[in-house]
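S.K.: From first to last, the protein sequence lines are chains A and B. Numbered by our numbering, the letters in the first sequence go through residues 3 to 194 in order. Numbered by our numbering, the letters in the second sequence go through residues 308 to 498 in order. Even glycine gets a Cβ: it sits at the ideal position worked out from N, Cα and C.
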Amino acid sequence: MITFAKTLLAAIVGVALGLTATWLAVERGYGFGAVSSGPWTGWPKTGSREADPYARAVIARSGEVPLGLAEGLSFMARTDDTGALLDPACDYVLSDPIPPARYWTITAMTPHGALIDNAAGHFGLTSAEIVRDMRGKFEITVSRQARAGNWLPLGDTSEFVLVLRLYDTPLSSASSSIGITPMPQLKRGRCA
Amino acid sequence: MSLRETFISNLPWIAGTAIIAGITHITSIMAMPYLAPKDAFARLEPAAPLDKMAVLPQGVPGQTLMPFEDPALVVGVCRYDLNVAPLRLRGALGGDGLLLFSFHNRFGTTFYSMTDKGALRGRLDVLVLTPEQLEAVEAFDPEDELPQELRLVGPTKEGFVLIRSISPERGNLAEAKARIAQVGCEAEGNR
Chain A
3 MITFAKTLLA AIVGVALGLT ATWLAVERGY GFGAVSSGPW TGWPKTGSRE ADPYARAVIA
63 RSGEVPLGLA EGLSFMARTD DTGALLDPAC DYVLSDPIPP ARYWTITAMT PHGALIDNAA
123 GHFGLTSAEI VRDMRGKFEI TVSRQARAGN WLPLGDTSEF VLVLRLYDTP LSSASSSIGI
183 TPMPQLKRGR CA
Chain B
308 MSLRETFISN LPWIAGTAII AGITHITSIM AMPYLAPKDA FARLEPAAPL DKMAVLPQGV
368 PGQTLMPFED PALVVGVCRY DLNVAPLRLR GALGGDGLLL FSFHNRFGTT FYSMTDKGAL
428 RGRLDVLVLT PEQLEAVEAF DPEDELPQEL RLVGPTKEGF VLIRSISPER GNLAEAKARI
488 AQVGCEAEGN R
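#1: List, in order along the chain, the chain B residues whose C-beta lies closer than 9 Å to that of Gly20 (chain A)?
#2: To be precise: take each residue of the segment 43-62 of chain A, compare its Cβ to all Cβ atoms of chain D, and keep it if any distance is under 9 Å. Which residues remain?
#3: Thinking just about the alpha-carbon of each residue, which of A:Arg80, A:Val67, A:Ser76, A:Ala36 is nearest to the one in Phe162 (chain A)?
#4: When you compare the CB positions of Thr331 (chain B) and Thr9 (chain A), do they come within less than 9 Å of one another, or not?
#5: Starting from the N-terminal side, write out each stretch of the beta strand (DSSP E) that is 3 residues or longer and does not extend beyond the segment 153-194 of chain A.
#6: Which residues in chain B sit within 7 Å of Phe125 (chain A), going by Cβ to Cβ distance?
#7: Which partner residues of Arg395 (chain B) appear in the DSSP bridge assignment?
#8: Compare the C-beta of Glu482 (chain B) with all C-beta atoms of chain A and state if any pair is closer than 9 Å.
#9: Please list, in chain order, all residues of the same chain as Leu69 (chain A) whose beta carbon is under 6 Å from its beta carbon, the five residues on each side excluded.
#10: Got a sec, what are the start and stop residues for the alpha helix (DSSP H) Trp25 (chain A) sits in?
#11: Listing by chain order, which chain B residues have their CB less than 9 Å from the CB of Asp170 (chain A)?
#12: Can you name the residues that DSSP bridges to Asn412 (chain B)?
#13: Can you give the Cα-Cα distance for Gly33 (chain A) and Ala62 (chain A), rounded to whole angstroms?
#14: Determine whether the Cβ of Val362 (chain B) lies closer than 9 Å to any Cβ atom of chain A.
#15: Under 9 Å, Cβ to Cβ, is there at least one residue of chain B near Glu161 (chain A)?
#16: Helix, strand or coil, according to DSSP, for Tyr56 (chain A) in the structure here?
#17: Using a Cβ-Cβ cutoff of less than 7 Å, which residues in the same chain neighbour Pro102 (chain A) once the five nearest sequence positions on both sides are dropped?
#18: For Ile336 (chain B) and Ala27 (chain A), which I take to be in contact (beta-carbon distance under 8 Å), what is that distance rounded to the nearest angstrom?
#19: So, is the C-beta of Arg477 (chain B) closer than 9 Å to a C-beta in chain A?
#20: Around the Cβ of Leu492 (chain B), are there at least 16 other Cβ atoms within 10 angstroms (buried) or fewer (exposed)?
#21: Candidates B:Phe314, B:Leu396, B:Ala443, B:Gly401: which alpha carbon is nearest Phe410 (chain B)'s?
#22: Compare the C-alpha of Val15 (chain A) against each of B:Gly329, B:Ile315, B:Ser316, B:Glu312 and name the closest.
#23: What residues in its chain sit with their C-beta under 7 Å from that of Asn412 (chain B), if we drop five residues either side in the sequence?
#24: Of the residues that make up the segment 98-115 of chain A, which ones have a beta carbon closer than 8 Å to any beta carbon in chain B?
#25: Can you tell me which of B:Leu394, B:Pro340, B:Glu456 puts its alpha carbon nearest to the alpha carbon of Leu357 (chain B)?
#26: Cα separation between Glu312 (chain B) and Ile4 (chain A)?
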């Protein structure tokens, strides 16, 4: 009887642990092969034949179609340069440098990849829209309030992430060098 | 019995639990692509007729077909079923802007991707087919000539191709849509 109870317990606990590990694995990132630089993290192999079983599980569950490795690279920032979680009550300033790419875009999204409604009605900025200074430098302000210059509006949300996409970038073919490529700075400004 | 003795006497059970946990974890990860009800293919299927180019509606908050899509891009989709016919993707590429192509199997995994720069002399000509269909096509190839098309073997019979077109300035979706319209996809007839 005791043996039976122990077998049952081992089975139940084992299955529960295994499923918990699965849930944690698909909730946090896209498996192995993450490349990071400052607050930016990308999973370039997710959009290729070499996607590992974890990456395949994550995209099957979320329904997203990751950017193919030859199309470009996508990076996500959950924190600022200091490692503090992005807080929608604060302003953030994103500035040079940006890796070479034919086009790039920056978008504010919920951590699950949904667009965030805002009064201005736009959700991202592209490299073609950015206003640069005389030296060719730029700054983008992420804020709930309208800001002069390059403004990325933030709607009413409790949390957000920034997604940087580099389209048709030479970086793709040398994904091992991503970690040492200078990525945009992300500094916290005033908080409401 | 001390704690240590209890632990040692139950060691086989603890090990058994760990093994069951490991098997459950690996099995559920491997099974996820087969079981996930709302994967990319399931989301795209109602919006994408077979072997026809369909431009997806632009995402708005609370109403996006797929998560993590860039709002600056217009997305066209071409669904294929190689049981019915190979898929031919063809068009003239040129002008400004940027077109991105990615080829996906039934589970959403990318098996090939390229940009408009990968087109041969400004023309795109891609054939997606099964290994058997590829053999049949190659049988008709002239011997002294390289094929003028890119031939991709689909890892699964069903799948889809995404064509993403950038709209660099807000409110200029028409141009991005026109670039997608330059590319057509159709079922390849028997040859």
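M.R.: Result, derived from the coordinates:
#1: By Cβ distance, chain B contributes Ile327, Ala328, Gly329, Ile330, Thr331, His332, Ile333, Thr334, Ser335.
#2: In the structure shown, chain D cannot be found, because the protein chains are A and B.
#3: A:Arg80
#4: no
#5: 163-169, 187-193
#6: Pro378
#7: DSSP output for Arg395 (chain B) lists B:Leu434, B:Glu493 as bridge partner(s).
#8: no
#9: Cβ neighbours of Leu69 (chain A) beyond the five flanking positions: Gly49, Ser76.
#10: Under the DSSP assignment, Trp25 (chain A) falls in the alpha helix (DSSP H) whose first and last residues are 4-29.
#11: Leu405, Leu407, Thr422, Asp423, Lys424
#12: Asn412 (chain B) is bridged to B:Gly466.
#13: Put simply, the backbone Cα of Gly33 (chain A) is about 13 Å away from that of Ala62 (chain A).
#14: no
#15: no
#16: The answer is helix: DSSP assigns Tyr56 (chain A) an H, G or I state.
#17: Thr171, Pro172
#18: Approximately 7 Å separates the beta-carbon atoms of Ile336 (chain B) and Ala27 (chain A); this is inside 8 Å, confirming the contact.
#19: yes
#20: Before going on, a small fix: residue 492 (chain B) reads as Cys here, not Leu. Cys492 (chain B) is buried by the Cβ-count criterion.
#21: That would be B:Leu396, whose Cα lies nearest to the Cα of Phe410 (chain B).
#22: Proximity to Val15 (chain A) across B:Gly329, B:Ile315, B:Ser316, B:Glu312 peaks at B:Gly329, based on C-alpha coordinates.
#23: The residues are Phe418, Gly461, Pro462, Thr463, Gly466.
#24: Arg104, Tyr105, Thr107, Thr109, Met111, His114, Gly115
#25: Of the candidates B:Leu394, B:Pro340, B:Glu456, the one whose C-alpha sits nearest the C-alpha of Leu357 (chain B) is B:Leu394.
#26: 18 Å
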